[in-house]
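What follows is a short report on a single structure.
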Amino acid sequence: MATRAKALRLVAVLITCVLTASCGLFGGSSDGGAADMERNVIRIGVLPVVDVAPLRIALNEKLFEKNGLQVTLVPQPSEDEAIKQLDSTLDLTWATHVNFFRAVASGTELQLQGEAYQAGPNSMALVASAGSDYDDPGKKSAPTIAVPSKDDVGALTTRAVLDTAAVEKQKINFKTMPYADMEGALTAGTVDAAFMIEPFITKAQRKIGAKIVTDTARGPTLDFPMSGYASSKKFAEANPKTLKVFRDVLREAQQRAQANKLSVQDSLTSYADIDQPTAALVSVGTFPLSLNPIRLQRVADMMDTEDVLSGRLDVQQLLPPGTTN
C-alpha cells in the first residue's frame, strides 16, 4: 500500500508540473501569447508630444512586459526622419497621419498599426505673441504663419480654418521651423502666428504670455484625426503576431489614458521637458481605441482637396488584413 501511495503522489506531482508548465494552453499565462510572436523586442520612434503619452503609461504600468513584449521608445528629431528610419533603427514610429500619407504617396510602403490621437479643444492652435494685435483669424489678409512643414497637419488645418475666416489660401505665407524655435520667432515678430500642438501651446503661454488666435480643431477640422503608429509593410508582413500584440496593448493603454487625463498630464513631465504646473494646464484631446478607416479617410480626402496629395488615397489599403474598424 505504501508503494502504491508513493506512486500516486508521484503521479500527482508530475501532473501538477505539466499543468504549471503548460498553463499558457489554458489561458493562464501572463506572457499574452509571447511564445507565438515572431519577435518580442520592438523599437518605436517618438517625439515629445501629448499623443504618445499612452505609450509612456503602458511602459510605466508594464503592460507590454505583461504581454511578453519588450518595447524601447526612441526619441526622433522629426517625423520625416523617423519614417525614414523604419526597417533600420526603428520597427514602428509615431507620426501625424498627414506625414504617413505623404510618405505613402511618395512610394514608401507602410502599414498603419494604430491611431494615437484625435484633436480636442485647443490641442492644436494658431498662437500669437502677447503684444500682437492678431487676435482674430480673419484680421490679417496675408498672415505669416510658422509651421513645422508646408505640407504637414499644421499647414493643412491652418489653411482650412483661415479659409472659413475668408482668408485666401494662396496669400498665407508659411515659414517652416521646429516647434522649439517658434517662441523665439513670435517674440522677435518675424511671424504673425505659429501653428502649435500641445504641450508647446501651454509652454508658450506660460513662458512668453502667448495667446491663442484660433483653435485649429474647429469647423472642417473639428475632432481632427491627428496621428498614429505605422511600420513598414515589409516588417508587418514578417511580424503579424507581434504587431497584433502591440495593437492589443496599445488599445488598453489608450483606454487608460482616455479614462484618466490626469495620468496623461502627469506623464508629460517625464519626457516633454515641462514642469508639473505647466503639465496640469495642457489641453488633452481624444485617444482612439481602434483603427477607423472612415475617420482616417477624412484626413486623406482633405489632403486631396488641399492638393497635398496628387490624388485620392484609399486608406483601407494601409490597414492590417482583416481590420475594418
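What the sequence shown shows, in mature numbering (1 follows the signal peptide of the UniProt record, and there is no 0), is residues -21 to -1, 1 to 304, in sequence order. Using N, Cα and C, we set each Cβ at its ideal position, and we do this for glycine too.
Worksheet entry | Own chain partners of K212 with C-beta closer than 8 angstroms, once the 5 adjacent residues on each side are dropped | By one-based count along the sequence shown, residue 212 stands at place 233. Closer than 8 angstroms at the Cβ level, and outside the excluded window around K212, lie E88, L89 and Q90.
Worksheet entry | Status (buried if at least 16 other CB within 10 Å, exposed otherwise) for L(-3) | Taking the first residue of the sequence shown as 1, we reach residue -3 at position 19. Caution applies to L(-3), whose pLDDT of 39 falls short of 50 and renders its modelled position unreliable; the value that the coordinates give is listed next. With fewer than 16 other Cβ atoms from the protein chains shown falling within 10 Å of its own Cβ, L(-3) counts as exposed.
Discussion item. Can you look up V141 in the DSSP assignment and give me helix, strand or coil?
Written reply: Position 162 of the sequence shown holds residue 141. As written in the sequence, residue 141 is Leu, which differs from the Val given in the question. If DSSP states are grouped into helix, strand and coil, L141 belongs with the helices.
Worksheet item: Assuming A189 and A107 make a contact with CB atoms under 8 angstroms, what is their CB distance in whole Å?
Response: The count along the sequence shown starts at 1 and reaches residue 189 at position 210. The count along the sequence shown starts at 1 and reaches residue 107 at position 128. About 7 angstroms separates the two Cβ atoms, so the contact holds.
Worksheet item: Can you name, in chain order, every residue of its own chain whose Cβ lies under 8 angstroms from the Cβ of R138, other than the five neighbours on each side?
Response: Taking the sequence shown and counting its residues from 1, one reaches residue 138 at position 159. These residues qualify, in order along the chain: K148, I151 and E285.
Worksheet item: Along the chain, where does the alpha helix (DSSP H) that runs through G24 open and close?
Response: Within the sequence shown, numbered from 1, the residue matching residue 24 stands at position 45. From DSSP, G24 is part of no alpha helix (DSSP H) but of the beta strand (DSSP E) over V20 to V25.
Practice prompt. Rounded to whole angstroms, what's the CA-CA distance from E60 to P54? Just pull it up for me.
Written response: For this step, residue 60 is matched to residue 81 along the sequence shown. For this step, residue 54 is matched to residue 75 along the sequence shown. Straight-line Cα distance between these residues: approximately 11 angstroms.
Fill in: G86, DSSP secondary structure in three states
Numbered from 1 along the sequence shown, position 107 holds the residue referred to as residue 86. G86 falls in the coil class under three-state DSSP.
Worksheet item: Applying the criterion that 16 or more other CB atoms from any shown protein chain within 10 Å of the CB defines a buried residue, is K186 buried or exposed?
Response: Locating residue 186 in the sequence shown gives position 207, where the first residue counts as 1. The residue is exposed, with fewer than 16 neighbouring Cβ atoms inside 10 Å.
Worksheet item: Just how far apart, CA to CA, sit K182 and L275?
Response: Within the sequence shown, numbered from 1, the residue matching residue 182 stands at position 203. Within the sequence shown, numbered from 1, the residue matching residue 275 stands at position 296. Their Cα atoms are separated by approximately 29 angstroms.
Discussion item. Between the segment 24 to 39 and the segment 260 to 267, can you find at least three pairs of beta-carbon atoms closer than 8 angstroms?
Written reply: yes
Discussion item. Please classify V20 as buried or exposed, where buried requires at least 16 other C-beta atoms within 10 Å of its C-beta.
Written reply: Position 41 of the sequence shown, counted from the first residue, corresponds to residue 20. Exposed, since its Cβ has fewer than 16 Cβ neighbours within 10 Å.
Worksheet item: For the segment 43 to 99, which segments carrying the alpha helix (DSSP H) assignment without a break, of at least 4 residues, lie completely within its bounds, in sequence order?
Response: 58 to 63 and 76 to 84
Item to complete: Assess, as a yes-or-no matter, whether the segment 227 to 247 is touched by the segment 114 to 132 under the definition of 3 or more beta carbon pairs within less than 8 angstroms.
Response: no
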